[in-house]
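In the numbering used here, the protein residues as written are 28 to 393.
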């Protein structure tokens with residue numbers, strides 16, 4: 028009888044492990060941004076398979092999706108400002124999701140503990156960061172001032188604890204609480220600190236960091252389209268940049284070591300694309316794709332970017348955009364833009380408008 032119970036227990040454990048792994052794999056496909064989100068918060072990717080995190084996702088996913096949609100509508104006007112401030116001061120713009128969890132992007136919300144505003148500052152913390160709180164004026168409700176104070180606070184917490192998820196935890200329960208939890212656990216491993224059985228941190232804080240991670244996964248996976256990403260091998264992707272943006276600019280945007288990025292794109296000497304074409308493709312790690320699309324603003328061409336001389340050309344059999352551009356000393360991107368061509372396919376007999384130099388224009392005219 029004991030043997031039978033033993034084997035039953037093993038079977039149940041194996042089934043639970045299988046279901047956990049299967050659910051985690053479904054999260055990978057449902058939220059392709061998880062790698063980027065975890066990287067920004069210094070969370071290991073193995074946390075996607077954490078039983079406590081998986082259980083949390085199962086129980087709160089639907090509710091948080093609805094909360095995300097409501098909060099996004101409420102904060103639409105202030106989000107660009109908040110993201111810009113965060114990035115300019117060395118904090119990931121994904122910390123907007125901390126503010127979302129704190130306040131739902133309501134600038135004047137007051138909690139039961141008397142915390143106020145987008146970032147839910149208590150009076151004492153507000154005073155530490157020189158926010159004015161008096162009878163007639165509460166600077167915690169000012170989006171710019173409150174975000175500036177939150178950035179200073181988060182940077183200070185990160186400097187103390189060394190990891191962004193620990194800074195987020197300390198934002199919720201306080202530095203002393205997190206420090207005590209790390210000492211008791213003997214580690215700052217997120218798997219251990221957020222374990223609902225070990226309970227090193229208060230329940231509110233264990234839920235808090237899981238909420239931030241999940242709502243960031245929801246937000247980042249829904250905000251960005253991935254149709255134009257060209258996948259390569261070894262966890263790399265191909266993206267397009269304009270010729271006036273250097274690899275060093277891109278490295279700074281996606282928070283990547285510039286030498287590593289240059290090694291991936293060694294065709295560009297000194298990290299600067301050639302000015303022959305308006306746009307170029309480069310290779311970046313796939314976990315940096317969301318950072319790239321959030322922070323890189325691709326220039327939109329307008330007529331002022333082109334030469335003033337234009338000719339018409341009828342597409343012949345065997346023509347390609349490259350051959351036509353080369354023949355007329357023009358640019359593929361300009362031809363596509365002016366003629367509203369979305370891909371590289373050409374219709375036989377189609378009349379194209381082509382921008383050319385004065386020399387080419389004179390030759391064609393003759």
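C-beta atoms are modelled at their ideal positions from N, C-alpha and C, and glycine is treated no differently. Note that the coordinates shown come from a computational prediction; the quantities given were computed from them, not determined experimentally.
Non-local C-beta neighbours of residue 221 in its own chain, meaning closer than 8 Å and more than five positions away in sequence, comprise 77, 79, 80, 228, 233, 236 and 237, ordered along the chain. By the beta-carbon neighbour count (other beta carbons within 10 angstroms, threshold 16), residue 71 is exposed. Contact fails between the region 141-161 and the region 78-97, because fewer than three Cβ pairs, one in each stretch, are under 8 Å apart.
Among the bridge pairs identified by DSSP, residue 236 is matched with none. For residue 263, the enclosing beta strand (DSSP E) starts and ends at 263-269. In the DSSP assignment, residue 308 forms a beta bridge with 267. In this structure the region 88-103 does not touch the region 204-214; the number of beta carbon pairs closer than 8 Å is below three. Residue 182 and residue 62 have their C-alpha atoms spaced approximately 22 Å apart. When beta bridges are read from the DSSP output, residue 58 appears opposite no residue. For residue 341, the secondary structure class from DSSP, reduced to helix, strand or coil, is strand.
In this structure residue 173 touches residue 146 by the C-beta definition: roughly 5 Å separates them, less than 8 Å. Taking 8 Å as the cut-off, the Cβ atoms of residue 387 and residue 349 do not count as close. Per DSSP, the unbroken beta strand (DSSP E) holding residue 381 starts and ends at 378-383.
Residue 268 and residue 322 do not touch by the CB rule: their CB atoms are close to 12 Å apart, not below 8 Å. In terms of CA proximity to residue 214, 193 leads the group 193, 198 and 263. Looking at the DSSP output, residue 165 shares a beta bridge with 160. Exclusion of the five residues before and after residue 156 leaves 176, 179 and 180 as the residues of its chain whose Cβ lies within less than 7 Å of its Cβ. Separation of residue 69 and residue 240 (C-alpha to C-alpha, rounded to the nearest whole angstrom) is 11 Å.
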